[in-house]
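A short write-up of the structure that comes next.
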Amino acid sequence: MTTLLFDGRTTELEGAEQRGAELWVRRAQLEAATGWELRPEGLCQGEVCVPVPSGARWSDAERVSVTAFARHLRRPVLHEAAHDVWSVGPEPGGSRLASGIAPDFTLPDFEGRLHSLSQYRGKKVLLMTWASW
Amino acid sequence: MWQGIYQELRDRGLVILAIALDTAGEAAAGAFARAGDAGPLGPLAKRIMGWSDDLWSRAGRPTYPCLLDAQHAVAELYDITNVPMAVWIDEEGRIVRPPETAGAFDVVRHIDVTTFGIPDEVASQGERVRSRYVDAVRDWVHHGPRSRFVLPPQEIARRSRGPGEAAARAHACFQLGAWLWRRGDAGAARPWLEEAVRLRPESWTFRRQKLAVADAAAIGNFAAGPEYWEAVQALGDRPYYVPPDLGDDS
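Protein chains in written order, with this note's numbering: chain W, 1 to 133; chain Y, 1 to 250.
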């Protein structure tokens, strides 16, 4: 089974294909695995759309190449073949935070309940990292 | 303590989201999350973290959400390189202060590595730094956008440089290593975690998490072996905790 690590999401991808150096995922899996969706104008997340450059092929009738898209944004792409796991890193540069919009995420608490940052709209959030180590 | 601060400010619209960057998950962070800031360290934590007698007396089990981030996803999304670092987010989901050291002082630079003794003047400086940060949080909660600690958009953009090429790759290596480790393949994980540290030596989250999972018996303990202390020594004049820029009085 292929696994994709992308923006804090960990997704097992049934029916994904490796073609050359790229990972192609089923269209129906794209949004859940990455938060991006395929629209006529390109790959989009909310208001932000990344147009497909002329000559590039990121999609066919069944699948989308998430790694070709990621590389276009200069995001690092790693593949560990033994476990068939792909890891996509962040886009270099500060554009995501500099926009001033706090990136959303979903994480479990210690009882396993999921919390998203976006569910705390209407409150001031002090987002505090810590660790046992 | 943060529970005391939360009780003081929650009715004025503050929520604290505590994010444990802990690849070993419940086994590492569970006891701390349930005990609150003091954790298993007890009174030593008060001195290391610079809590005042007042805040220490209001310690308690957290009633704000404590979330577990085994992949360090929040560290990637917000480009966080040490703990504790915090981000202030307003009611509309806008960042009003980007990631910065959340009240911690460089006590670690002055600590006796065998006895964990801390000189008195260092301890009191730590307490001043902590109080200043907590007071800034209070000011924000009371005054909202009129607080002098809320930064204008151009200042947020200036402070949000984000990861460079190598650091972005380090994040990808780290999350791959963390995933392999959680799958039970510590041997496959190690080179990826080491590569993350090599690509971004200034990230204490990468370095210390790598050390913390290298030894199964040490999970949940302060990961302070020789490699850690050597890296601290190698800082020279650079700070371990970059002081937050809180304006003219910081």
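We put the CB at the ideal spot given by N, CA and C, even for glycine.
Predicted, not measured: the structure shown is a model, and the values here were computed from it.
query = How many whole angstroms separate the CB atoms of A24(Y) and P62(Y), which I take to be in contact at a CB cut-off of 8 Å?
reply = Mapped onto the second sequence, residue 24(Y) falls at position 24. Mapped onto the second sequence, residue 62(Y) falls at position 62. About 20 Å separates the two Cβ atoms, so there is no contact after all.
message = Taking contact to mean 3 or more Cβ pairs, one atom from each stretch, closer than 8 Å, check whether the region 95 to 114 of chain W and the region 85 to 104 of chain Y are in contact.
response = yes
request  = In angstroms with no decimal places, state the Cα-to-Cα distance between L67(Y) and A20(Y).
outcome  = In the second sequence, the residue the question calls residue 67(Y) occupies position 67. In the second sequence, the residue the question calls residue 20(Y) occupies position 20. The alpha-carbon atoms of L67(Y) and A20(Y) are separated by roughly 6 Å.
ask   = Listed from N- to C-terminal order along the chain, which residues in the region 152 to 177 of chain Y have their beta-carbon within a distance smaller than 7 Å of any beta-carbon of chain W?
value = P153, I156, A157, S160, R161, G162, P163, G164, E165, A168, R169, H171, A172, C173, Q175 and L176
key: Any C-beta of chain W under 7 Å from that of L21(Y)   = Sequence index remark: in the second sequence, residue 21(Y) carries index 21 (1-based). At least one chain W Cβ lies under 7 Å of L21(Y).
ask   = Since P64(W) is in the alpha helix (DSSP H), which residue starts that stretch and which ends it?
value = Walking along the first sequence from the start, residue 64(W) turns up at place 64. A small fix is needed here, since residue 64(W) is Val in this sequence, not Pro. Run containing V64(W): none in the alpha helix (DSSP H); it sits in the beta strand (DSSP E), R63 to S65.
task = Would you tell me roughly how many angstroms separate the C-alpha atoms of G8(W) and T106(W), rounded to the nearest one?
result = By 1-based counting over the first sequence, the position of residue 8(W) is 8. By 1-based counting over the first sequence, the position of residue 106(W) is 106. Roughly 8 Å between the two C-alpha positions.
The region 28 to 52 of chain W: positions lying closer than 8 Å to chain Y by Cβ = none
L78(W) at chain Y interface by Cβ criterion, 7 Å = Translated into the one-based positions of the first sequence, residue 78(W) becomes position 78. Taking Cβ atoms only, chain Y reaches closer than 7 Å to L78(W), which makes this a yes.
query = How is Q119(W) classed by DSSP in three states: helix, strand or coil?
reply = Your numbering for residue 119(W) matches position 119 in the first sequence. Note: Q119(W) maps to helix in three-state DSSP.
inquiry  = Please report the straight-line C-alpha distance between A61(W) and S87(W), rounded to a whole angstrom.
reply    = Here residue 61(W) refers to the residue found at position 61 of the first sequence. Here residue 87(W) refers to the residue found at position 87 of the first sequence. Spanning the two alpha carbons is a distance of roughly 25 Å.
request  = Have a look at G55(W), L38(W) and P53(W) and flag the residue whose alpha-carbon is nearest the alpha-carbon of E47(W).
outcome  = Within the first sequence, residue 47(W) is the residue found at index 47, counting from 1. The option with the nearest alpha carbon to E47(W) is L38(W).
key: Proximal residues of chain W, C-beta to C-beta of A35(Y) below 8 Å   = Counting from one through the second sequence, the residue named residue 35(Y) turns up at place 35. Here the premise fails: no neighbours, minimum Cβ distance about 11 Å.
query = Taking 7 Å as the CB-CB cut-off, is V125(W) touching chain Y?
reply = Numbered from its first residue, the first sequence carries residue 125(W) at position 125. True, the Cβ-Cβ gap to chain Y drops below 7 Å.
request  = Can you tell me which of the three DSSP states F116(Y) falls into?
outcome  = Taking the first residue of the second sequence as position 1, residue 116(Y) is located at position 116. Coil.
task = Grab the span of the alpha helix (DSSP H) containing A28(Y) for me, first residue to last.
result = For the purposes of this step, residue 28(Y) is taken as the residue at position 28 of the second sequence. Residues E26 to A35.
message = If you measure between the beta carbons of H115(W) and P65(Y), is that distance less than 7 Å?
response = Against the first sequence, residue 115(W) aligns to sequence position 115. Against the second sequence, residue 65(Y) aligns to sequence position 65. For H115(W) and P65(Y), yes; Cβs fall inside 7 Å.
ask   = At a Cβ threshold of 7 Å, is M1(W) touching chain Y?
value = Counting from 1 along the first sequence, the entry for residue 1(W) is found at position 1. Not closer than 7 Å to any Cβ of chain Y, the Cβ of M1(W) fails to qualify, so no.
message = Given this structure, state the Cα-to-Cα distance separating R27(W) from A33(W), to the nearest angstrom.
response = Translated into the one-based positions of the first sequence, residue 27(W) becomes position 27. Translated into the one-based positions of the first sequence, residue 33(W) becomes position 33. So the alpha carbons of these two residues sit roughly 10 Å apart.
ask   = Which chain Y residues sit within Cβ distance under 7 Å of G89(W)?
value = Indexing the first sequence from 1 puts residue 89(W) at position 89. Ordered by position in chain Y, the residues that pass the 7 Å Cβ test against G89(W) are A168, R169, H171 and A172.
query = Expressed to the nearest angstrom, what Euclidean distance is found between the alpha-carbon atoms of G93(W) and S57(Y)?
reply = The sequence position of residue 93(W) within the first sequence is 93, counting from 1. The sequence position of residue 57(Y) within the second sequence is 57, counting from 1. Spanning the two alpha carbons is a distance of roughly 42 Å.
inquiry  = Against chain W, which members of the region 66 to 92 of chain Y pass a CB distance test of less than 8 Å?
reply    = C66, L67, L68, D69, Q71, A73, V74, A75, E76, L77, Y78, D79, I80, V83, P84, M85, A86, V87, W88, I89, D90, E91 and E92
ask   = Per DSSP, what kind of secondary structure is H79(W) in: helix, strand or coil?
value = Taking the first residue of the first sequence as position 1, residue 79(W) is located at position 79. If DSSP states are grouped into helix, strand and coil, H79(W) belongs with the strands.
request  = List the residues of chain Y that T11(W) touches, going by C-beta distances under 7 Å, in chain order.
outcome  = Counting from 1 along the first sequence, the entry for residue 11(W) is found at position 11. Simply none; closest approach about 11 Å.
task = Determine the direct distance from the alpha carbon of E8(Y) to that of V125(W), and round the result to whole angstroms.
result = What you label residue 125(W) is simply residue 125 of the first sequence in a count that begins at 1. What you label residue 8(Y) is simply residue 8 of the second sequence in a count that begins at 1. Cα to Cα, the separation comes out at about 15 Å.
inquiry  = Check whether chain W comes within 7 Å of A18(Y), counting only Cβ atoms and requiring the distance to be less than that.
reply    = Here residue 18(Y) refers to the residue found at position 18 when the second sequence is read from its first residue. Yes, its Cβ sits closer than 7 Å to a Cβ of chain W.
query = Listing by chain order, which chain Y residues have their CB less than 7 Å from the CB of G122(W)?
reply = On the first sequence, position 122 is the one that residue 122(W) refers to. Result: E91.
ask   = Residues of chain Y with CB under 7 Å from F105(W), in chain order?
value = As a working mapping, residue 105(W) is identified with position 105 in the first sequence. Neighbours of F105(W) on chain Y, chain order: A73, V74 and L77.
request  = Quick one: list the residues of chain W neighbouring I95(Y), beta-carbon separation under 7 Å, in chain order.
outcome  = On the second sequence, position 95 is the one that residue 95(Y) refers to. The answer, in chain order, is L97, G100 and A102.
key: Residue span of the alpha helix (DSSP H) that contains L14(Y), given as start and end   = Numbered from 1 along the second sequence, position 14 holds the residue referred to as residue 14(Y). Here L14(Y) belongs to no alpha helix (DSSP H); instead the beta strand (DSSP E) covers L14 to A20.
ask   = Across which residues does DSSP place D109(W) in a beta bridge pair?
value = Against the first sequence, residue 109(W) aligns to sequence position 109. D109(W) pairs with L67(Y).
Through-space distance from V107(Y) to S250(Y), alpha-carbon basis = Taking the second sequence and counting its residues from 1, one reaches residue 250(Y) at position 250. Taking the second sequence and counting its residues from 1, one reaches residue 107(Y) at position 107. Confidence at S250(Y) is low in this model, with a pLDDT of 46, below 50, so its placement is unreliable and the value that follows should be read with caution. S250(Y) and V107(Y): Cα-Cα distance of roughly 17 Å.
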